[in-house]
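Counting in my numbering, the sequence shown runs from 4 upward without gaps. Using N, Cα and C, we set each Cβ at its ideal position, and we do this for glycine too. Everything on this sheet refers to the single structure shown next.
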Amino acid sequence: MHAPLVDGSEGAAAEPRRHPLAIVLVAAAAGILVDRHRPLPLGAWWAAAATGLTIWTLLELNWRLRKVRLPRCRLVAVPRWARAAVAPNLCAALAGNLALLSAVAATAGAWHHCRWNLCKDDDLGLFARRKAEPACVEAIAVERPRELPPSAESWSTLRGSR
């Protein structure tokens, strides 16, 4: 007997739900956590992201062109009789996915680094909002102000004629 569909009628069993972006979310969260606890320079994050994308691109081109045979790997999940046909392609796919996920993690780490480590804690830009508001800034003058002679434009503005 088939499982009932959403509308109550019986038919073919619904396919199990898949959440492919959950893996991407985990990779991004891992990159953010690494930057939170062990901050790397911004250039290192971008270099890691570029390396991951380059490796993924090379593996993808290699898999599509099939010019170079990849070494077989032994995967526990693949039955012994299917390893000869499945394992090389599966290993290339896994390596490509890991390279792409490492690029996602490095990009998320770079994003976190830009948001939290490039400005000081008391930077005025951290407190500014998109909507213009009056601001009160307390400052201490370390030297007396310079006196500048008035320009011709300032006199014409004061007179009201331009």
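Grab the span of the alpha helix (DSSP H) containing residue i for me, first residue to last.
i   : result
R67 : 45-68
R39 : 23-40
Taking 8 Å as the threshold (C-beta atoms), are residue j and residue i in contact?
i    : j    : result
L34  : A131 : Before going on, a small fix: residue 34 reads as Gly here, not Leu. In this structure, A131 does not lie closer than 8 Å to G34 by Cβ.
C117 : L43  : no
E141 : G99  : no
A111 : A47  : no
State the Cα-Cα distance for the pair residue i and residue j, rounded to the nearest angstrom.
i    : j    : result
T60  : A113 : 21 Å
A25  : G128 : 33 Å
E146 : A106 : 50 Å
A144 : L151 : 18 Å
W119 : A155 : 46 Å
H115 : G55  : 18 Å
A95  : W66  : 7 Å
V27  : L101 : 11 Å
E18  : I58  : 33 Å
R39  : P153 : 52 Å
R20  : L68  : 32 Å
L36  : A51  : 16 Å
W49  : R41  : 16 Å
D126 : L97  : 44 Å
Please classify residue i: is it buried, with 16 or more other beta-carbons within 10 angstroms of its beta-carbon, or exposed?
i    : result
A138 : exposed
L121 : exposed
A53  : exposed
L104 : buried
A135 : exposed
P148 : exposed
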